[in-house]
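Chemist: Sharing a structure below in structure tokens format, with a few things to ask.
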Amino acid sequence: MTIQQSYAATATVAGYNFAFLDEQTKRMIRRAILKAVAIPGYQVPFGSREMPLPYGWGTGGMQVTAAVIGKNDVLKVIDQGADDTTNAVSIRRFFTRMTGVATTEKTREATLIQTRHRVPEMPLTENQILVYQVPIPEPLRWLEPRESETRKMHALSEYGVMHVKLYEDISRHGHISTAYDYPVMVNGRYLMRCSPIPKFDTPKLHMNAALQLFGAGREKRIYAVPPYTEVKPLDFEDHPFQIERWPETCALCNAEDSFLDEVILDDRGGRMFVCSDTDYCSERQAAGHRGRMAAPYKEEAAQ
Amino acid sequence: MTMLSSAPSSSAPPAGFSDPVQQSQASFRALLDAMARPGRIASIAGDIGRPDGVTQALAAAALTLCDLDTPVWLGPGFDTPALKNWLRFHTGAPVVAQAGAAQFALLNAGQPLPNLENFAQGSDEAPEKGATLLIQVATLQGKTAMQWRGPGIKDGVAMPPCGLPMAFWQQRAALSAAFPRGLDLYLCCSTDLIGLPRSTAITFATEA
Numbered sequence: 001m002t003i004q005q006s007y008a009a010t011a012t013v014a015g016y017n018f019a020f021l022d023e024q025t026k027r028m029i030r031r032a033i034l035k036a037v038a039i040p041g042y043q044v045p046f047g048s049r050e051m052p053l054p055y056g057w058g059t060g061g062m063q064v065t066a067a068v069i070g071k072n073d074v075l076k077v078i079d080q081g082a083d084d085t086t087n088a089v090s091i092r093r094f095f096t097r098m099t100g101v102a103t104t105e106k107t108r109e110a111t112l113i114q115t116r117h118r119v120p121e122m123p124l125t126e127n128q129i130l131v132y133q134v135p136i137p138e139p140l141r142w143l144e145p146r147e148s149e150t151r152k153m154h155a156l157s158e159y160g161v162m163h164v165k166l167y168e169d170i171s172r173h174g175h176i177s178t179a180y181d182y183p184v185m186v187n188g189r190y191l192m193r194c195s196p197i198p199k200f201d202t203p204k205l206h207m208n209a210a211l212q213l214f215g216a217g218r219e220k221r222i223y224a225v226p227p228y229t230e231v232k233p234l235d236f237e238d239h240p241f242q243i244e245r246w247p248e249t250c251a252l253c254n255a256e257d258s259f260l261d262e263v264i265l266d267d268r269g270g271r272m273f274v275c276s277d278t279d280y281c282s283e284r285q286a287a288g289h290r291g292r293m294a295a296p297y298k299e300e301a302a303q
Numbered sequence: 304m305t306m307l308s309s310a311p312s313s314s315a316p317p318a319g320f321s322d323p324v325q326q327s328q329a330s331f332r333a334l335l336d337a338m339a340r341p342g343r344i345a346s347i348a349g350d351i352g353r354p355d356g357v358t359q360a361l362a363a364a365a366l367t368l369c370d371l372d373t374p375v376w377l378g379p380g381f382d383t384p385a386l387k388n389w390l391r392f393h394t395g396a397p398v399v400a401q402a403g404a405a406q407f408a409l410l411n412a413g414q415p416l417p418n419l420e421n422f423a424q425g426s427d428e429a430p431e432k433g434a435t436l437l438i439q440v441a442t443l444q445g446k447t448a449m450q451w452r453g454p455g456i457k458d459g460v461a462m463p464p465c466g467l468p469m470a471f472w473q474q475r476a477a478l479s480a481a482f483p484r485g486l487d488l489y490l491c492c493s494t495d496l497i498g499l500p501r502s503t504a505i506t507f508a509t510e511a
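Next comes the structure, spelled out in structure tokens:
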């Protein structure tokens with residue numbers, strides 16, 4: 001389906017403005033997004049609105065998407081890497097009804113990608129915008145509960161407390177045990193929380209060609225990482241940042257380089273590992289890659 | 304707009320966007336792209352009714368970003384009744400007399416520009432309060448005069464003075480020391496615009 005056909009074919013719901021939000025709200029969000037881009041990693045406060053789903057379901061990401069999206073965009077929505085989970089399906093359907101834009105499950109076809117907790121495996125391009133749904137935007141929140149204090153800490157770039165936290169990890173467990181939501185420094189100035197993506201994805205933020213926008217609805221903050229911006233995970237010289245490794249490859253597409261989900265198969269320890277990024281996995285399978293549990297395909301059956 | 308055509312008068316402000324929802328979205332994407340990739344030209348297409356002497360890119364930026372919540376300051380050359388009426392009619396933005404009280408400033412590089420320190424720079428705790436300047440320039444071309452580096456720029460970009468005096472660029476370069484406080488700029492020429500966020504560092508050939 002081409003973009004134009006899809007746009008014309010989809011009936012949007014009458015009585016709502018394009019992309020649900022009213023124009024004044026969009027302007028307010030747009031101004032916040034521009035300031036967020038101009039000050040990489042800094043959390044810009046904004047007047048978050050009620051959305052027709054509860055806080056915690058991606059209202060921040062949705063408001064950013066609604067302010068950015070245009071009728072020529074092709075939208076992809078993922079939840080933990082998958083296009084077909086509840087959160088992804090309901091948000092994609094919401095924007096289809098509110099804008100009539102074309103949607104896709106293919107990372108390479110999308111111009112706008114809203115994500116919950118994953119960065120697509122396929123490298124993004126300059127023509128794409130990635131919108132993250134963020135539950136807690138403040139990286140220092142569990143270390144310092146007072147907003148007035150964390151504001152000051154950001155103003156002074158005073159992040160020693162986070163280093164202490166990572167050091168305590170090492171002294172307790174022998175390694176940095178933070179596995180997701182790994183703290184990063186953006187452009188050498190602001191400590192940033194990259195939403196609960198696994199630390200496997202953290203290096204993908206660094207010098208990414210795409211613009212990355214972060215929206216936290218309940219906490220009323222928007223922040224951004226512009227393209228080609230330095231994003232450095234916090235670590236120590238003797239305990240450098242490391243990403244996860246798995247004992248196996250993807251059981252369906254045999255990928256060695258993607259983030260794997262563990263699926264329990266029975267109560268006797270049977271398990272399989274599969275790609276969390278469904279589009280990446282199906283594209284690899286279509287290209288002929290086979291994991292040890294891949295379904296037997298036609299050419300094999302014919303023999 | 305039907306409201307205007309049914310009651311035409313010589314003093315009615317020009318029409319602004321013909322399709323405000325889609326045109327402001329398209330303009331915003333151009334503004335976003337320009338701010339995310341400093342030095343790269345973004346364009347705003349379409350028909351935008353605006354007062355004489357105001358370029359399309361600047362008019363579109365003002366209509367897209369300004370509203371009741373954003374005090375606007377009009378610089379020399381733009382402080383005209385025609386522009387004021389047009390801006391008030393379409394956006395409702397309050398026009399303020401003090402440059403330091405404005406969230407947006409509309410500046411014409413054909414006239415002497417005010418000192419950049421006159422504008423709100425934000426604070427270390429709330430840097431987003433720094434103003435956005437929309438500057439209309441005669442050209443975005445010219446001989447290389449400086450290097451821009453920073454987020455959004457892959458390997459540094461050689462930039463011309465874009466029709467602005469070198470004294471202006473010296474002032475802007477000096478502001479980088481105050482980051483995250485600072486000013487975000489758009490240079491608008493005809494339908495084109497270039498974004499210059501405060502995160503961009505400027506160096507001149509002699510320093511390199």
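Here the protein sequences line up with chains W and P, keeping their order. Each residue of the first sequence is one higher than the one before, starting from 1 at the first, in the numbering used here. Each residue of the second sequence is one higher than the one before, starting from 304 at the first, in the numbering used here. The beta carbon of each residue, even a glycine, is placed where N, CA and C say it ideally should be.
Return the residue from the list W:Gln114, W:Asn187 and W:Val186 that minimises the CA-CA distance to Phe94 (chain W).
Modeler: Among W:Gln114, W:Asn187 and W:Val186, the Cα nearest to that of Phe94 (chain W) belongs to W:Gln114.
Chemist: Leaving out five residues before and five after Pro323 (chain P) in sequence, what residues of the same chain have Cβ atoms less than 6 Å from its Cβ?
Modeler: Cβ within range, chain order: n/a, list empty.
Chemist: Within its chain, find whatever has a CB closer than 6 Å to the CB of Gly445 (chain P); leave out the 5 residues flanking it on each side and keep chain order.
Modeler: Counting only Cβ-Cβ distances below 6 Å, and skipping sequence neighbours, we find Pro463 and Pro464.
Chemist: Are Ala88 (chain W) and Phe20 (chain W) touching if we call contact CB-CB under 7 Å?
Modeler: No.
Chemist: Candidates P:Ala504, P:Gly425 and P:Ala476: which alpha carbon is nearest Val44 (chain W)'s?
Modeler: When only C-alpha atoms are compared, the closest one is P:Gly425.
Chemist: Distance check for Val184 (chain W) and Tyr7 (chain W), CA to CA, integer angstroms please.
Modeler: Reliability fails at Tyr7 (chain W), whose pLDDT of 44 lies under 50, so the model's placement of it is uncertain and the value that follows must be treated cautiously. Each residue's Cα considered, the two are about 39 Å apart.
Chemist: For Cys491 (chain P), report the span of its beta strand (DSSP E) as first-last.
Modeler: Note, Cys491 (chain P): beta strand (DSSP E), Asp487 to Cys492.
Chemist: Along the chain, where does the alpha helix (DSSP H) containing Met28 (chain W) start, and where does it finish?
Modeler: First-last of the alpha helix (DSSP H) with Met28 (chain W): Glu23 to Ala38.
Chemist: If you measure between the beta carbons of Asn187 (chain W) and Pro454 (chain P), is that distance less than 7 Å?
Modeler: Yes, the Cβ-Cβ distance between Asn187 (chain W) and Pro454 (chain P) is below 7 Å.
Chemist: Given this structure, state the Cα-to-Cα distance separating Asp487 (chain P) from Val164 (chain W), to the nearest angstrom.
Modeler: In a straight line, the C-alpha of Asp487 (chain P) is about 35 Å away from that of Val164 (chain W).
Chemist: Can you tell me which of the three DSSP states Val13 (chain W) falls into?
Modeler: Val13 (chain W) falls in the coil class under three-state DSSP.
Chemist: Does DSSP put Leu304 (chain W) in a helix, in a strand, or in coil?
Modeler: Only positions 1 to 303 of chain W appear in the structure, and residue 304 (chain W) is not among them; the question remains open.
Chemist: Counting only beta-carbon atoms, is Lys35 (chain W) nearer than 7 Å to chain P?
Modeler: Judged by the 7 Å Cβ criterion, Lys35 (chain W) is in contact with chain P.
Chemist: Would you call the stretch 49-61 of chain W in contact with the stretch 348-363 of chain P, where contact means no fewer than 3 C-beta pairs closer than 8 Å?
Modeler: Verdict: no, contact absent.
Chemist: I need the boundaries of the beta strand (DSSP E) containing Asp495 (chain P), first residue and last residue.
Modeler: Asp495 to Leu499 is the span of the beta strand (DSSP E), which, as asked, contains Asp495 (chain P).
Chemist: With 7 Å as the limit, tell me which residues of the stretch 484-510 of chain P have their beta carbon closer than that to any beta carbon of chain B; keep them in chain order.
Modeler: Absent from the structure is chain B; the protein chains it does hold are W and P.
Chemist: With contact counted as at least three CB pairs below 8 Å, one residue from each stretch, are the stretch 428-443 of chain P and the stretch 393-412 of chain P in contact?
Modeler: Enough Cβ pairs lie closer than 8 Å, so yes.
Chemist: Taking just the CA atoms, how far does Ile136 (chain W) sit from Ala511 (chain P)?
Modeler: Because the pLDDT at Ala511 (chain P) is just 46, under 50, the model does not fix this residue reliably, and the point stays unresolved.
Chemist: Got a sec: is the Cβ-Cβ distance from Leu368 (chain P) to anything in chain W below 7 Å?
Modeler: Answer yes: the Cβ-Cβ gap between Leu368 (chain P) and chain W drops below 7 Å somewhere.
Chemist: Going by beta-carbon coordinates alone, are Thr111 (chain W) and Val74 (chain W) separated by less than 7 Å?
Modeler: In this structure, Val74 (chain W) lies closer than 7 Å to Thr111 (chain W) by Cβ.
Chemist: Note down, in chain order, each residue of its chain lying with its Cβ closer than 6 Å to the Cβ of Thr229 (chain W), except the 5 sequence neighbours on either side.
Modeler: Around Thr229 (chain W): Pro40 and Asn187.
Chemist: Listed in chain order, which residues of the stretch 317-330 of chain P have Cβ atoms closer than 8 Å to some Cβ of chain W?
Modeler: Answer in chain order: Pro323, Val324, Gln325, Ser327, Gln328 and Ala329.
Chemist: Excluding five sequence neighbours on each side, which residues of the same chain lie with their C-beta closer than 6 Å to the C-beta of Trp142 (chain W)?
Modeler: So no residue of the chain qualifies.
Chemist: Does Asp350 (chain P) get closer than 7 Å to chain W when you measure Cβ to Cβ?
Modeler: For Asp350 (chain P), the answer is no, since every Cβ of chain W falls outside 7 Å of its Cβ.
Chemist: Is it buried or exposed, Met304 (chain P), if we count other Cβ atoms within 10 angstroms and call 16 or more buried?
Modeler: Confidence at Met304 (chain P) is low in this model, with a pLDDT of 43, below 50, so the placement of that residue is unreliable and no value is reported for it.
Chemist: Taking all protein chains shown into account, decide if Thr99 (chain W) is buried (16 or more other Cβ within 10 angstroms of its Cβ) or exposed.
Modeler: It counts as buried.
Chemist: Quick check: what's the CA-CA separation for Ser502 (chain P) versus Val225 (chain W)?
Modeler: Each residue's alpha carbon lies about 12 Å from the other.
Chemist: Rounding to the nearest angstrom, what Cα-Cα distance links Gln325 (chain P) and Leu377 (chain P) in this structure?
Modeler: Answer to the nearest angstrom: the Cα atoms are 26 Å apart.
Chemist: For Met338 (chain P), return the contacting residues in chain W, with the cut-off set at a CB-CB distance below 7 Å.
Modeler: Correct list: Leu34, Val37 and Ala38.
Chemist: Return yes when at least one heavy atom of the ligand SAH lies under 6 Å from the C-beta of Asp382 (chain P), else no.
Modeler: Among the components modelled here there is no ligand, and therefore nothing to report on the ligand SAH.
Chemist: Buried or exposed for Ile438 (chain P), going by 16 or more other Cβ atoms inside 10 Å?
Modeler: Ile438 (chain P) comes out buried.
Chemist: With 16 other CB atoms within 10 Å as the buried threshold, where does Tyr42 (chain W) fall?
Modeler: Per the 10 Å Cβ criterion, buried.
Chemist: Could you tell me which chain W residues have their CB closer than 8 Å to the CB of Arg332 (chain P), listed as they occur along the chain?
Modeler: Within 8 Å Cβ-Cβ: Val68 and Gly70.
Chemist: Could you tell me the distance, in whole angstroms, from the CA atom of Arg332 (chain P) to the CA atom of Leu416 (chain P)?
Modeler: Spanning the two alpha carbons is a distance of roughly 28 Å.
Chemist: If you measure between the beta carbons of Asp495 (chain P) and Ala360 (chain P), is that distance less than 7 Å?
Modeler: Result yes, Cβ atoms of Asp495 (chain P) and Ala360 (chain P) sit closer than 7 Å.
Chemist: Taking Cβ-Cβ distances shorter than 8 Å, what residues in chain P pair up with Tyr228 (chain W)?
Modeler: Under the 8 Å cutoff, chain P gives Pro454, Gly455, Ile456 and Lys457.
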